[in-house]
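Notes to accompany the following structure.
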Amino acid sequence: MKSFLFILLSLWCPALAFSVHSNIQCRSNYIRDKVLVRGGDDGGESIDISESIEGPGEDRRNAFSVNAPTLSYLSSLGSFYAKWLEKRPIMTKSITAAFIFGLSDFIAQKLEASSTNSDEDVKSTNLKRLMASVIVGFAYFGPAAHAWYSMIFRVLPATTLFSTLQKAALGQLFFGPSFTCIFFASALLQSGTFSIRNWAAKIRNDLPGAWVAGAGFWPLVDLVSYSMIAPQWIPLFVNVCSLVWTIYLSLVANQSKS
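Okay, so the sequence shown: first residue is 1448 according to our numbering, each after it adds one.
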C-alpha cells in the first residue's frame, strides 16, 4: 500500500510542473496570437486574427478569463516568494522546508493511523515526532539544499542532458543518502531510542530500500527541474517534491513503531 501510494504521488509532482508549464505556455501563445495591426502612429484599425488560429477567439478569451485570476494570484505569490528568496535565500528555503517537512509528517501519521482502523489514532497527532521533522527541514534540509544546489550549478553549469544526468547521479550518490541518514537519526532521537548501534542498524536495514525508491523518484524530478524550471525556482519545486518524498521517508523511518 505504501509503495503504491508513493508511486502515485511521485508521478504527480513532475506532472504538476508540466501542467503549470503548459498553462503558462498556452497563455503566451494566446498573447502572441492576439495581433494588433495599426495603420499609423496616431492609431488605426485593430485586427484580431485569433479566430484564425486554434479556433474561435471568443472561446479562447473566455477560457483565459477563467484562469486569469488564478494566474494573477500565483504570480503575486511567486513575486513575493522570489523577493524573499533573493533577500534572505537560506532563511526562506529553511522556512519552506520546515513547513513542507511538518506537513509531510502530519500526512504520514494520518496514513499510518488509517491503516490501524482506529478512530483514536486517526484523531491524535504525535507532536514530538512532527516537530522533529520540522526541525530537520529548518536546520538541515533548507541550508543543505541551498549549499548543494549552489555547488552543483557552480561545478556543472551546463544545461545539457548529459549535465542534467550528472547532477542527478551526484545527488543520488551523495546528497540523497546523507539526508536520509540524518532523517533516520532524527526519528530515533524523537522516539528516545537513538544510539550509534541503533542508527547503524537502521541505516543498514532501511537505507538500501530508500535509496532504490529515491533512484526512481529524484532523477525524474531533476530532469524536470533542470530542463523546465528557471534556476531561481528550482529550490521551491524541489521543496514541493520533497512533500511527497518526506511522506514516504517518514513512513520508512517510523515503521518499526507501527
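C-beta: ideal position from N, C-alpha, C; glycine also. These numbers were taken from a predicted model, which means no experiment stands behind them.
Complete alpha helix (DSSP H) runs within the stretch 1593-1642 (minimum length 4 residues, chain order): 1608-1617, 1623-1638
Integer Cβ distance of S1562 from T1693, believed to fall under 8 Å: No, S1562 and T1693 are not in contact; Cβ-Cβ is about 18 Å, not under 8 Å.
Same chain, Cβ closer than 8 Å to I1582, five either side skipped, listed in chain order: A1545, S1633
Sequence-distant residues of its chain with Cβ nearer than 6 Å to F1451 (five each side left out): Low local confidence applies: a pLDDT of 38 at F1451 is under 50, so the model's placement there is unreliable, with the coordinate-based value given in what follows. Contacts found: none.
Exposed unless 16 or more other CB atoms sit within 10 angstroms - verdict on L1635: buried
Alpha-carbon spacing of A1586 relative to S1541, whole angstroms: 7 Å
Reduced DSSP secondary structure (H/G/I, E/B, other) of I1471: The predicted position of I1471 is uncertain, since its pLDDT is 41 and thus under 50; a value taken from the coordinates is nonetheless stated next. If DSSP states are grouped into helix, strand and coil, I1471 belongs with the helices.
Backbone CA spacing between N1645 and G1618 [nearest angstrom]: 26 Å
Own chain partners of F1631 with C-beta closer than 8 Å, once the 5 adjacent residues on each side are dropped: W1646, K1649, I1650, D1653, L1654, A1700
Start-to-end residues for the alpha helix (DSSP H) that takes in Y1695: 1681-1700
Supposed contact pair K1570 and Q1637 - C-beta distance, whole angstroms, cut 8 Å: Actually they do not touch by this definition, with Cβ atoms about 20 Å apart.
Any 3 or more C-beta pairs closer than 8 Å across the stretch 1656-1666 and the stretch 1608-1622: yes
Contact set for N1686: own chain, Cβ-Cβ below 7 Å, skip 5 residues either direction: T1543, A1544, I1547
Neighbour-count burial assignment, Q1702, 16 or more Cβ in a 10 Å radius: exposed
CB-CB length for Y1673 against T1572, believed under 8 Å: Wrong, their Cβ atoms sit about 36 Å apart, outside the cutoff.
Assumed close pair A1592, P1516 - CB separation to whole angstroms, cut-off 8 Å: About 32 Å; that fails the 8 Å criterion.
Supposed contact pair G1549 and G1584 - C-beta distance, whole angstroms, cut 8 Å: 7 Å
Three-way DSSP call (helix, strand, coil) for T1572 in this model: coil
F1664 in three-state terms, based on DSSP: coil
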